[in-house]
Amino acid sequence: MLKLIDGFMPGLWKWVALGLAVLVLLQQLRVDGLRVEVSRLETSHAKAGQELAQKSQAATEIKAAALLDHSGNTQDNIYEYTQTIQRLEAGRAADAGRIAGLQHSLRAAATQHAQAAGDAAACRNLADQHQRLAELAGRSAGVVGGLVGLVERRDAQVTLLQRQVITERQAVDQLLQK
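Structure below.
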């Protein structure tokens, strides 16, 4: 029996070795197939990541353009407001000069009227009334000039704020549309 086993063993080892070689070959084919599949997945993920990056960059560029438009419009509004205020201040200074001239003319006229009156009591009464009237007119002109300047300044501020609201709305609309 030992001889039978000894005779059978050298052939068995060859078949066992051959079977193991086949199993190793099959395992290697399976591993190579998995490597190919992993490589395909990596390629797919890389393409998806690249597409996402391109979309993100495009969205960023659109938002940047909207913000540039917004800041340009804001700067234009502020410049126009500044110019308007400077024009109003120049007008106000000219008005102040005219008011001062008017006050001086009224005082001079009051003095002339007082001197022209013959009756001392009537002259005094007329001069006092004229003086009060001149003072009232002078103060009134100053108040009116101040109020006109204030209203013009508020109008300029309202105009700026209206333009800025329009600019802000445009910027928000641009950002929401993208």
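For reference, each letter of the sequence shown is one residue, going 59 to 236 in my numbering.
C-beta: ideal position from N, C-alpha, C; glycine also.
This structure is a prediction, so every number in the text was calculated from the model and none was measured.
Check                                                                                                                                                             : Outcome
If we require 4 or more residues per run, which alpha helix (DSSP H) segments fall completely within the stretch 170-231?                                         : none
Tell me the rounded alpha-carbon separation between Ala117 and Asp153.                                                                                            : 54 Å
Can you list, in chain order, the residues of its chain whose CB lies under 8 Å from that of Ala124, leaving out five sequence neighbours each side?              : Ala229, Gln232, Leu233 and Lys236
Report the rounded CA-to-CA distance for Thr101 versus Gly107, giving the unit in angstroms.                                                                      : 10 Å
Count the other CB atoms, across all protein chains shown, that sit within 10 Å of the CB of Ile224; report buried if there are 16 or more and exposed otherwise. : exposed
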